[in-house]
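Q: Numbering (my numbering), first residue to last: 684 to 795.
In structure tokens:
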């Protein structure tokens, strides 16, 4: 993980590979500050705060564009003043490096 994870690009995951272990996933957290490792290391999530609904919606729209560019799509819940983003590679029912690449890029979108 010498290269900054935010500079990597998501690669298609066709399944058939094991998800990261909880320990391996924990190793990526240093490059994705603010994200929490949940569900025994099978999911990461972060809540972002905004001044109002419009700011949250704009952020969600930017995350959507990024997800399409990267071909890796998060689960998003948002409302007035917040957006909560969860990442997991559904094909392997756990975490893959792609999830952390997206988390790092989402942090950059948020100016973090």
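We put the CB at the ideal spot given by N, CA and C, even for glycine.
(1) Answer with buried or exposed for residue 741, where buried requires no fewer than 16 other C-beta atoms within 10 angstroms of its C-beta.
(2) Please report the residue range of the beta strand (DSSP E) in which residue 762 lies.
(3) Against chain B, does residue 694 count as a neighbour if the rule is that its beta carbon must be under 8 Å from one of theirs?
(4) Going by DSSP, which residues form a beta bridge with residue 715?
(5) Below 8 Å on the Cβ atoms is my contact criterion, and I expect residue 725 with residue 770 to pass it. Report the Cβ-Cβ distance as a whole number of Å.
(6) Could you check the C-alpha separation between residue 690 and residue 784 for me, to the nearest Å?
(7) What does the Cβ neighbour count give for residue 679, buried or exposed, with the cut at 16 atoms within 10 Å?
(8) Just to confirm my understanding: we take residue 716, look at its own chain, exclude 5 residues before and 5 after, and list those with CB closer than 6 Å. What are they?
(9) Can you tell me whether residue 733 is helix, strand or coil according to DSSP?
(10) Look at residue 729 and residue 718 and say whether their C-beta atoms are less than 8 Å apart.
(11) Measuring CB to CB, does residue 781 end up less than 8 Å from residue 755?
A: According to the structure data:
(1) exposed
(2) 758 to 762
(3) This model lacks chain B altogether; it includes just one protein chain.
(4) DSSP, once it has assigned bridges, lists no residue as partnering residue 715.
(5) Wrong, their Cβ atoms sit about 11 Å apart, outside the cutoff.
(6) 8 Å
(7) This structure leaves residue 679 out entirely; the chain is present only between 684 and 795.
(8) none
(9) coil
(10) yes
(11) yes
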